Amino acid sequence: MFSPKNGAESLTQDTEVDDAEVIRRARSDPAAFSALYDRHAPALHRYVTRRLGDSLADDIVAETFLDAFRRLARYDTTHRDARPWLYGIAANLIGKHRRTEIRAYRALARTGLDAVAESYADRVEARVSAGAAHRELAGALATLSPQDREVLLMIAWADLSYEEVARALGVPIGTVRSRLHRARRKTRAALGGIDPSAIHDTAPSTTHDAAPSAIHDTDEEEPGRGR
Amino acid sequence: MDDDLTLLRELRADAPEPDAARLRAVRARALAPASPPVLAPAPARKRRRFWAVPSLLAAATAAAVVVVAVNGSHTPAPAPPGAVTTMPVRAETVLRQAALVAEGRRKHHEPRPDQWLYRKDLVKQPSEERGTVGESWTRYDGTRYAYRQNGGSMESLDITPDPDDDDLTPRQYAAKFADLPTDPAALLDHVRGDRHWSTLPKGAEAEQPDARAFRVLSVYLDAGVPMPPQVEAAIFRALAELPGVRVDLGVRDAAGRAGIGIAYEPAGSVPGGPVRDAQGRIVSRSYLVLDAATYRFLGRRVDTLQDEVIGGEVTARRGTFYASADLATGVVDEPGQIP
């Protein structure tokens with residue numbers, strides 16, 4: 008089913024075909040839908056891992072695409088990029104684990120130990136002992152309303168634009184701006200007592216931009232190659 | 045100004061993307077409805093070499109008595125509830141035609157010992173809505189084997205000869221096929237007395253020679269190893285002459301392909317023949333399914349005609365079925381390659 012001869016597989020290689028076109032094709036040829044998964048699942052999985060930890064990511068990603076497949080007919084194909092749509096679906100699923108999410112922020116704020124980061128760290132010594140700034144920040148995240156937190160993290164962690172967040176959550180762009188404004192007022196307030204110059208000494212050296220390509224290596228293993 | 049966002053972007057920035065194996069596993073779950081019927085996650089199946097359960101290698105032991113169908117003049121069997129309607133036909137007519145077609149096939153080249161036989165099949169258990177797709181690579185010399193299920197990760201293993209395992213390597217099958225008589229009567233004699241797949245029980249309840257002949261010929265057809273055209277033709281002619289062979293049209297394999305079903309249902313209870321219940325009814329009908337036009341082996345199908353009870357427990361409900369389907373076969377140089 009996932010052989011290299013698979014039509015959907017070749018669709019993935021086809022960079023000219025945008026998400027909207029993939030979705031149009033998938034409506035008559037369900038197998039074409041896998042191209043959407045191949046494009047967006049890795050980053051979505053990482054995003055969910057970052058929100059809730061390693062153990063829930065598989066379920067939520069699988070559920071997101073199952074949901075998306077069921078809603079294929081309703082996708083507005085004037086939007087060429089399906090990311091907002093997928094992240095919106097994922098947001099609903101993540102929302103069901105709100106308590107888990109908040110508990111981790113609170114614990115991080117209190118103890119400096121991040122259960123979520125530990126869930127994906129493969130070495131025990133890679134324990135993330137957060138600096139003061141991150142602890143304050145986690146404390147603020149725990150106090151945000153779910154709507155405000157969603158907007159803030161979609162922008163900070165999923166790299167969506169204001170317009171894309173608006174589409175993902177089905178709200179006007181003005182609402183996105185006001186939610187973000189509210190969220191950032193809290194995070195800034197929480198960081199009020201932190202010396203910004205100390206921030207980079209307490210944080211890991213990884214920058215946001217370098218992280219994804221440096222960490223993942225999906226090319227290492229070819230499908231169908233014995234291990 | 046942006047310090048809070050910068051800081052937030054650094055939080056858990058080391059969250060990894062999933063590795064390829066994990067992505068594939070989630071993918072199989074996520075895309076299940078997009079690719080019916082084969083992507084449903086299925087319970088792990090026992091590792092096997094050539095055989096899907098139920099195995100042809102082990103003979104079924106027979107129970108009670110009654111007459112149903114014999115080669116040439118059997119009564120039409122009622123379709124089991126829930127199963128496709130099938131139509132019994134004269135076995136000789138169909139099987140002689142199959143022999144003619146098989147004779148006309150091109151002779152194949154024998155693979156090198158270090159090449160691999162690829163076989164992709166679909167197996168549907170009575171309890172499953174959807175089946176399990178298995179892909180296997182068996183080194184031609186039989187020393188190694190690799191397998192994956194539903195497009196998941198590959199398992200491979202070395203095969204060390206097991207004195208209790210009476211299955212053959214592909215190369216041994218090919219050697220056996222090359223030595224088989226191509227005269228149907230001689231072939232029947234040969235397989236009636238076949239000692240290779242000896243079965244229990246012995247003595248009075250021992251597998252009856254015709255039952256053994258049918259079973260051994262079934263093993264050959266389902267071996268997944270190419271055979272000389274003259275041998276395949278002889279197998280079909282031998283089956284045409286074997287009393288108790290029935291042929292039904294419209295028998296579907298696991299992939300839903302309708303083909304020709306060949307089953308062994310001799311008159312009366314025969315050791316090694318089909319199991320019958322207390323009323324003398326056949327409990328399940330076990331078919332080899334052949335393509336209706338090319339007569340190539342498609343798969344197997346076992347229809348449960350009566351509730352199968354073992355130790356007071358119903359193990360298979362009337363109307364359910366087990367089926368397999370060969371989806372692809374071929375010769376490749378490395379495990380993981382697809383022809």
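One line per chain: the protein sequences are A and B, in this order. Numbered per the working numbering, the first sequence spans residues 8 to 234. Numbered per the working numbering, the second sequence spans residues 45 to 383. Where is the CB? At the ideal position from N, CA and C, for every residue including glycine. Keep in mind that this is a model prediction, so the values were computed, not measured.
Return no unless some Cβ of chain A is closer than 9 angstroms to the Cβ of A299(B). False, the Cβ-Cβ gap to chain A never drops below 9 angstroms.
By the three-class DSSP mapping on this structure, what secondary structure does Q141(B) have? helix
Residue span of the alpha helix (DSSP H) that contains A140(A), given as start and end: 139-150
Could you check if D292(B) is buried or exposed, using at least 16 other CB atoms within 10 Å of its CB as the buried criterion? buried
Quick one: which chain A residues come within Cβ less than 8 angstroms of A369(B)? None at all; the shortest Cβ gap to chain A is about 14 angstroms.
Please classify A120(A): does DSSP put it in a helix, a strand, or coil? Ala is not the amino acid found at residue 120(A); the sequence shown has Leu there. The DSSP-derived three-state label of L120(A) is strand.
G300(B): which of A307(B), V167(B), V70(B), E251(B) sits nearest, CA to CA? V167(B)
May I ask you to verify whether the segment 303-310 of chain B touches the segment 280-290 of chain B, counting CB pairs closer than 8 angstroms and requiring at least 3? yes
Candidates E352(B), A298(B), A65(B), P383(B): closest to G343(B) by CA position: A298(B)
Just the C-alpha distance for G146(A) and A197(A), rounded to the nearest angstrom, thanks. 8 angstroms
For L283(B), which option in G324(B), T226(B), S200(B), Y162(B) has the closest C-alpha, if you only look at C-alpha atoms? T226(B)
Name the two residues that bound the continuous alpha helix (DSSP H) containing G102(A). That run of the alpha helix (DSSP H) goes 90-102.
Counterpart residues of G178(B) in DSSP-defined beta bridges: D165(B), Q193(B)
Taking buried to mean at least 16 other C-beta atoms within 10 Å of its own C-beta, is A255(B) buried or exposed? buried
List the endpoints of the continuous beta strand (DSSP E) containing G305(B). 302-308
Within 9 angstroms (strictly less), CB to CB, does L49(B) reach chain D? Absence of chain D from the displayed structure is noted, the protein chains being A and B.
Is the beta carbon of Y184(B) closer than 9 angstroms to that of R149(B)? no
Pull up the distance between the alpha-carbon of R192(B) and that of T182(B), whole angstroms please. Rounded to whole angstroms, R192(B) to T182(B) spans 12 angstroms at the Cα level.
Going by alpha carbons, who is nearest to V145(B) out of L52(B), D335(B), L349(B)? D335(B)
Chain B within 9 angstroms of D65(A), Cβ atoms only: For D65(A), the answer is yes, since a Cβ of chain B falls inside 9 angstroms of its Cβ.
Give the residues of chain B in contact with Y3(A), contact being defined as C-beta atoms less than 7 angstroms apart. An answer regarding residue 3(A) cannot be provided, because it is not within the stretch 8 to 234 covered by chain A.
Report the CB separation of R71(B) from Y44(A) in whole angstroms; it is logged as a contact under 8 angstroms. 6 angstroms
Under 9 angstroms, Cβ to Cβ, is there at least one residue of chain B near A27(A)? no
Confirm the yes/no value for this check: CB of L187(A), any heavy atom of the ligand HEM, distance under 8 angstroms. In terms of ligand content, the structure shown is empty, and the ligand HEM therefore cannot be addressed.
Limits of the alpha helix (DSSP H) - the one that G343(B) falls within: No alpha helix (DSSP H) holds G343(B); the beta strand (DSSP E) holding it covers 341-348.
Candidates G186(B), V235(B), A277(B), M131(B): closest to P443(B) by CA position: Lying before the first or after the last residue shown, residue 443(B) is absent from chain B, which here runs from 45 to 383.
Close beta carbons around F76(A), own chain, < 7 angstroms, minus the five adjacent residues each side: Contacts found: F40.
Reference A139(A); option with closest CA among G199(A), V24(A), I67(A), P37(A): G199(A)
Below 8 angstroms on the Cβ atoms is my guess for Y112(A) versus L148(A); work out the distance and round it to an integer in Å. That belief holds up - the Cβ atoms of Y112(A) and L148(A) are roughly 5 angstroms apart, short of 8 angstroms.
If we count Cβ pairs, one from each stretch, closer than 8 angstroms, do we get three or more for the segment 152-172 of chain A versus the segment 63-75 of chain A? no
Please classify P80(B) as buried or exposed, where buried requires at least 16 neighbouring CB atoms within 10 angstroms. Bear in mind that the predicted position of P80(B) carries a pLDDT of just 42, short of 50, making it unreliable; the figure below should be weighed with that in mind. So P80(B) counts as exposed.
Would you list the residues sitting across from P214(B) in a DSSP beta bridge? Its beta-bridge partners do not exist; DSSP assigns none.
Check whether the Cβ of I162(A) lies closer than 9 angstroms to any Cβ atom in chain B. yes
Where does I326(B) fall in DSSP's three states? strand
What residues are listed by DSSP as bridge partners for A44(A)? Just to set this straight, residue 44(A) is Tyr in the shown sequence, not Ala. The partner list for Y44(A) (beta bridge, DSSP) is empty, contrary to what the question assumes.
Per-residue burial, L201(B) [other beta carbons within 10 Å of its own, 16 or more giving buried]: L201(B) should be labelled exposed.
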